Amino acid sequence: MELLQERADDWRLWSLEGEASLDEEDLVELVNVTGHPVLAGFVMDSDCLVLEGRTRDQETWRACLDRTAMSAYMAEADQSVDDWFLGPEEAAERAVAWARAAGLTPVPEAIAEILSKRSDPFVEDLFQEFLDSLGIEL
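According to the working numbering, the stretch in the sequence shown is residues 7 to 144, in order.
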């Protein structure tokens, strides 16, 4: 793993190269080991991003950034984005609850907007906006 960025209040952004992503057990273990909430993002060719968040008291929630691009990826596998990810409104509610449980001050309107946006040009930029809107500041 490579440390990409340090943010306020000891938040860290790490990169795990390769095709592996964190599964449910990994997220639970990270929360248990660190005692802190976890937010994971799996970047798909800089087009779209799978988001998964978990706190000690909250079940894992899953959403995506750039739903349109994710729909194209899912269609290639004859699946629907709606089968795997929360819609933008429900995802925003879960993300806000996650942020508040993490002791952050989220901006709900910004979170909802970002979850409905297209990435331009890279989803990593949209992810940075998402972190800011959660209250994980630089």
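The beta carbon of each residue, even a glycine, is placed where N, CA and C say it ideally should be.
Computed from a predicted structure; not experimentally measured.
Measure the C-alpha to C-alpha separation of residue i and residue j and round it to an integer number of angstroms.
{"i": "R124", "j": "G141", "result": "21 Å"}
{"i": "V39", "j": "T61", "result": "12 Å"}
{"i": "Y79", "j": "D51", "result": "11 Å"}
{"i": "L45", "j": "L55", "result": "12 Å"}
{"i": "L33", "j": "Q64", "result": "12 Å"}
{"i": "W67", "j": "P127", "result": "26 Å"}
{"i": "L137", "j": "E35", "result": "22 Å"}
{"i": "V37", "j": "D84", "result": "33 Å"}
{"i": "E82", "j": "E130", "result": "22 Å"}
How close, in whole Å, do the beta carbons of residue i and residue j come, if the pair is a contact with beta carbons under 8 Å?
{"i": "A98", "j": "P114", "result": "6 Å"}
{"i": "A69", "j": "F91", "result": "5 Å"}
{"i": "D53", "j": "L132", "result": "So it is not a contact: roughly 10 Å between Cβ atoms."}
{"i": "G59", "j": "A101", "result": "7 Å"}
Would residue i and residue j qualify as a contact pair, given that the criterion is a beta-carbon distance under 7 Å?
{"i": "A105", "j": "P112", "result": "yes"}
{"i": "I120", "j": "E135", "result": "yes"}
{"i": "E31", "j": "S21", "result": "no"}
{"i": "L19", "j": "L28", "result": "no"}
Which residues in the same chain have their Cβ closer than 7 Å to the Cβ of residue i, if we skip the five residues on either side of it in sequence?
{"i": "E143", "result": "R13, A14"}
{"i": "T74", "result": "R124"}
{"i": "S139", "result": "P112, V113, A116, I117, I120"}
Can you name, in chain order, every residue of its own chain whose Cβ lies under 6 Å from the Cβ of residue i, other than the five neighbours on each side?
{"i": "A108", "result": "P43"}
Indicate the three-state DSSP secondary structure (helix, strand or coil) for residue i in the structure shown.
{"i": "V113", "result": "coil"}
{"i": "L92", "result": "coil"}
{"i": "Q134", "result": "helix"}
{"i": "L71", "result": "strand"}
{"i": "R106", "result": "helix"}
{"i": "R124", "result": "coil"}
{"i": "E99", "result": "helix"}
{"i": "L36", "result": "helix"}
{"i": "S5", "result": "Outside the shown range of the chain, which is 7 to 144, sits residue 5, and nothing can be said about it."}
Given residue i, which residues of its chain have a CB within under 8 Å of its CB, disregarding the five upstream and five downstream residues?
{"i": "V87", "result": "C70, R73, M76, S77, M80"}
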